[in-house]
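Before any comments, here is the structure.
Residue numbers (our numbering), protein chains in the order written: chain A, 1 to 361; chain B, 1 to 361.
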C-alpha cells in the first residue's frame with residue numbers, strides 16, 4: 001500500500017504528510033484512484049475506531065443528537081462526482097514565496113463520493129431561528145499560534161443546506177480511506193478543499209460568525225500593505241477559482257520541428273462549468289482547444305489541441321480556461337500573504353529541435 | 001564547430017539565432033569558452049570581410065575618420081574580464097509573458113575581451129563642444145516597425161569616455177568570432193548586453209539624444225497602464241541589475257534526506273561588486289553563502305553553501321545577492337512591457353527522499 005502510494009503521489013511534506021496527485025494519474029484518470037488522490041493534512045492523521053465513533057450535532061439546534069456511522073449509512077445515499085483542489089495549490093509559484101506547504105500545481109483530484117446530504121442530518125436536529133453558520137469540527141488537532149486546536153471550518157447555513165453538500169463515507173465505491181477522512185468527512189462541491197473537513201467529530205450550528213484560526217487567520221486572501229498588486233484584504237477563501245493546467249507535453253520535453261503533437265490538460269472552476277479553454281505559445285495568439293465531454297457540474301474537464309511547431313527553439317506554452325459565469329484565468333498572478341487561490345495562466349517550456357538532430361545525445 | 005556549439009548552447013530561437021549558455025558551461029567555467037557564450041541576435045549575422053572593413057567615426061567631431069582593423073589593433077591594447085547579461089534574460093518568467101525572445105536564466109556569460117579604449121579613437125577624432133552622445137551602428141540590419149534599420153544604440157558621452165569602454169577585436173585570446181561581432185564590437189562593462197554593439201560599422205558622435213528604435217521603442221522599461229505593479233514608464237535600460245542564480249542542484253533533483261549537499265551558483269551586478277549572497281529554503285530564513293574569490297570589478301562571483309535537508313518532501317531553494325552599492329534582489333518581480341531586467345529572487349524546486357527509498361524507481 002505504501003509503495004503503491006509512493007508511485008502515485010508526489011510527496012510535498014512528510015510531517016504532516018502532504019502529497020500531490022501524480023501527473024501520470026492526472027493524465028490517465030478522469031476519476032482519480034484513491035491511492036493517487038492528493039493528500040492535504042494540517043496535523044497528524046487521526047486513527048478513529050468507527051465502532052465507537054459518533055458524530056455529535058450541537059449548538060443552535062432544537063435537539064442535539066449523535067449519529068453512529070451505521071445510522072448515517074442508513075440515511076438516503078447520494079453519489080457525487082467532485083473535483084477538489086487545495087486552496088494552496090500553486091503556492092510555490094508565488095513571489096515572494098508565502099509560508100506553508102509549497103504546493104506546485106497538482107493538489108487537485110476528482111472522486112466519486114458516497115454519502116448522505118448534510119440537510120438530512122440538519123433536518124433531524126432542526127437549526128433554530130438564530131442559526132447562521134454550520135461548523136465542521138475535525139478529529140485532527142495540533143498547535144497553531146501557541147494554542148491547541150482542532151481543524152474546524154464553518155459554512156454559511158445557506159451553503160450547508162445545499163442539496164449537494166454531503167457527509168461522505170465512501171470514495172470511489174470503497175469505504176472512505178483513513179487518509180481521506182475515515183469514517184466520515186464533509187464534501188462541499190465548488191469550494192476549495194479546506195471546506196470539506198475530514199474526520200468529522202462534531203457539527204456545531206452557530207448563531208454568530210465563527211472566528212477560529214482556520215477561518216480568520218488562515219484561508220483568507222490576506223494582503224501585505226506594501227504589495228502594490230494586492231487587491232483584497234482578509235476576504236475569505238471560498239469558491240475554487242477558474243484554472244487550467246497543461247499535462248502533456250511535460251516541462252522540458254524535446255519535440256521535433258514540423259511534427260504535429262497534441263497538447264492536453266485539465267480545466268476546472270468552482271464558479272461554473274468550463275466552456276472554453278484556449279491555448280497559445282509565446283509567439284502566437286490564443287486558439288480554442290477541444291473540450292472532452294462534460295463529466296458533471298462539479299468536475300474538471302479535459303482539453304486538447306493539435307500544435308505543430310514550425311521552427312527550432314524554445315517555446316513557452318500557455319492555457320487559459322473560461323467558465324460559464326464568464327470568469328477567465330488572469331495573465332498576471334495576484335499575490336496574497338498565505339498563497340491561496342493561485343489561478344493565473346501557467347507557462348510550460350519545451351524545446352523544439354530539428355528532426356534527427358543529434359543535439360543533447 | 002556547429003555540433004560543438006549545439007552541445008554547449010541551449011537554442012532559444014533559430015531565426016534569428018539566439019541561444020543561452022549551457023548550465024554545464026556556467027558550472028565549469030569562470031571564463032566562458034567562446035563556443036559556450038550565449039548568443040543574442042536581432043537580425044541575420046552579417047558576414048564582414050575584414051580586409052575591406054573600415055570603422056567610420058563621424059558626426060559632432062572635429063575630424064571624421066575611418067580606421068582599419070589593422071589600425072585599431074595597433075593602438076594600445078587592453079584586456080578586460082567582463083560578465084555580460086542580455087537585458088531580456090529571465091523574460092520567460094514574467095507574467096503576463098512579454099513578446100520577444102523567451103530567455104530563461106542563462107543569457108549571461110563572462111569573457112576576457114581584448115581591444116582598445118573607445119577614448120583612444122575619440123581622442124583622434126575630437127568630439128566637438130556640442131557632443132553629448134556616442135552612437136554605435138552595427139552592420140546587422142533588418143525590418144522593425146515596417147522600416148529597415150540597423151541595430152544601433154547610443155551611450156552618453158561621459159559613459160563612452162569611461163576608461164573601460166573598449167572596442168574589442170579579441171575574445172578569450174582568439175580573434176572575435178563572427179557570431180560575437182567580428183571584426184570589432186563595443187564592450188560596455190556594467191551595462192546590459194544591448195550596449196555592447198556587435199559588428200561595428202560606424203561610431204557617430206551626436207549632439208542630440210538619439211531616438212532610434214532600439215533606444216526609444218525597445219530597451220526601455222515600458223509599463224502598461226493597467227499593471228498595478230509597474231513602477232516606471234519608458235525609463236531606459238542601462239546598468240545590469242543585481243542578480244543571482246542557483247546552478248546546482250538542478251531543478252527537480254532528487255536528494256537524500258539527512259545528507260549534506262552543496263548548493264552553488266553565480267551572482268553579478270552592474271551597480272557594484274557582489275558582497276553578499278544569501279540562501280534559504282521555503283521553511284528557513286536567509287543564511288549567508290560563501291563567496292569565491294572576486295575575479296574583478298566587472299565579473300560574476302561564484303557562491304556556495306552547505307545544506308542538509310532534515311525531512312522528506314519538496315524544498316524550494318532561493319538565493320539573493322547584494323552588491324556593494326547596497327542593492328539587493330527584490331523578492332517580487334517587477335513586470336514591464338518588453339520583459340527587461342528580470343532580477344527578482346528565483347526559486348528552484350528539489351525533492352528530498354529517504355535514503356535507500358525505492359520511490360521513483
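Glycine included, each C-beta is placed from N, C-alpha and C at the ideal position.
Only a predicted model underlies this, so the values are computations on that prediction, with no experimental measurement involved.
{"Asked": "Which first and last residues belong to the beta strand (DSSP E) in which residue 110(A) is found?", "Found": "108-117"}
{"Asked": "Please say whether residue 161(A) and residue 119(A) have beta carbons closer to each other than 8 Å?", "Found": "yes"}
{"Asked": "Against residue 265(A), what residues of chain B qualify as contacts under a CB-to-CB distance less than 8 Å, listed in chain order?", "Found": "Those within 8 Å of residue 265(A) in chain B number zero; the least Cβ separation is about 17 Å."}
{"Asked": "In terms of DSSP beta bridges, what is residue 315(A) paired with?", "Found": "350(A)"}
{"Asked": "Is there contact here, the region 249-258 of chain A with the region 348-357 of chain A, by at least three beta-carbon pairs under 8 Å?", "Found": "yes"}
{"Asked": "Could you tell me whether the Cβ atoms of residue 338(A) and residue 89(A) are closer together than 8 Å?", "Found": "no"}
{"Asked": "Between residue 244(B) and residue 323(B), how many whole angstroms is the CB-CB distance? I'm expecting something under 8 Å.", "Found": "Actually they are not in contact, since the Cβ atoms of residue 244(B) and residue 323(B) sit about 10 Å apart, beyond 8 Å."}
{"Asked": "Give every residue of the same chain whose Cβ lies closer than 7 Å to the Cβ of residue 181(A), excluding the five residues on either side of it in the sequence, and list them in chain order.", "Found": "198 and 199"}
{"Asked": "Who are the Cβ neighbours of residue 308(B) in its own chain at under 8 Å, not counting the five residues just before and after it?", "Found": "258, 259, 260 and 261"}
{"Asked": "Can you say whether residue 115(B) is buried or exposed, counting buried as having 16 or more other CB atoms within 10 angstroms of its CB?", "Found": "buried"}
{"Asked": "If you draw a straight line from the alpha carbon of residue 325(B) to that of residue 91(A), how long is it in whole angstroms?", "Found": "32 Å"}
{"Asked": "List, in chain order, every chain B residue whose beta-carbon is nearer than 9 Å to that of residue 367(A).", "Found": "Because residue 367(A) is not part of the residues shown, which for chain A are 1 to 361, the question remains open."}
{"Asked": "With a threshold of 7 Å, establish whether the CB of residue 74(B) neighbours any heavy atom of the ligand FMN.", "Found": "Absence of the ligand FMN is noted for the structure shown, with no ligands found whatsoever."}
{"Asked": "Within the same chain, show all residues whose beta-carbon is closer than 6 Å to that of residue 345(A), passing over the 5 residues directly before and after it, in chain order.", "Found": "318, 320, 329 and 331"}
{"Asked": "Can you tell me whether residue 20(A) is helix, strand or coil according to DSSP?", "Found": "strand"}
{"Asked": "In chain order, what residues of the same chain have a beta carbon less than 8 Å from the beta carbon of residue 173(B), not counting five sequence neighbours either side?", "Found": "112 and 114"}
{"Asked": "Look at the alpha carbon of residue 166(B) and the alpha carbon of residue 234(A), and state the distance between them as a whole number of angstroms.", "Found": "55 Å"}
{"Asked": "In whole angstroms, give me the CA-to-CA distance for residue 214(B) and residue 110(A).", "Found": "51 Å"}
{"Asked": "So the candidates are 45(A), 175(A), 14(A) and 223(A); which of them puts its Cα closest to the Cα of residue 98(A)?", "Found": "223(A)"}
{"Asked": "Could you tell me whether any Cβ in chain A is nearer than 8 Å to the Cβ of residue 344(B)?", "Found": "yes"}
{"Asked": "Beta-carbon of residue 84(A) versus every beta-carbon of chain B: anything under 8 Å?", "Found": "no"}
{"Asked": "Which residues share a DSSP beta bridge with residue 75(A)?", "Found": "For residue 75(A), which the question treats as bridged, DSSP gives no partner whatsoever."}
{"Asked": "List the endpoints of the continuous beta strand (DSSP E) containing residue 167(A).", "Found": "166-171"}
{"Asked": "What's the gap between the Cα of residue 226(B) and the Cα of residue 336(B)?", "Found": "A caution first: residue 226(B) carries a pLDDT of 45, below 50, which makes its placement in the model too unreliable to give a value."}
{"Asked": "Provide the residue(s) that pair with residue 136(A) in DSSP beta bridges, ordered along the chain.", "Found": "153(A) and 203(A)"}
{"Asked": "Among 168(B), 155(B) and 62(B), whose alpha-carbon lies nearest the alpha-carbon of residue 126(B)?", "Found": "62(B)"}
{"Asked": "Could you tell me whether the Cβ of residue 247(B) comes closer than 8 Å to any Cβ of chain A?", "Found": "no"}
{"Asked": "Going along the region 13-35 of chain B in order, which residues come within less than 8 Å of chain A, judged by CB to CB distance?", "Found": "13, 14, 15 and 18"}
{"Asked": "Could you tell me the alpha carbon to alpha carbon distance between residue 47(A) and residue 311(B), rounded to whole angstroms?", "Found": "23 Å"}
{"Asked": "Is any beta-carbon of chain A found at less than 8 Å from that of residue 225(B)?", "Found": "Reliability fails at residue 225(B), whose pLDDT of 47 lies under 50, so the model's placement of it is uncertain and the value that follows must be treated cautiously. So no, residue 225(B) is outside the interface."}
{"Asked": "Measuring alpha carbon to alpha carbon, tell me which residue in 13(A), 158(A) and 247(A) is nearest residue 305(A).", "Found": "247(A)"}
{"Asked": "Could you have a look at residue 27(A) and say whether DSSP puts it in helix, strand or coil?", "Found": "helix"}
{"Asked": "Using a threshold of 8 Å, state whether the C-beta atoms of residue 101(A) and residue 206(A) are closer than that.", "Found": "no"}
{"Asked": "By alpha-carbon positions, which one of 151(A), 211(A) and 265(A) ends up nearest to residue 43(A)?", "Found": "151(A)"}
{"Asked": "Identify each residue in the region 307-337 of chain B for which the Cβ-Cβ distance to at least one residue of chain A is less than 8 Å, and report them in chain order.", "Found": "311, 312, 313, 314, 315, 316, 318, 331, 332, 333 and 335"}
{"Asked": "List the DSSP bridge partners of residue 307(A).", "Found": "261(A)"}
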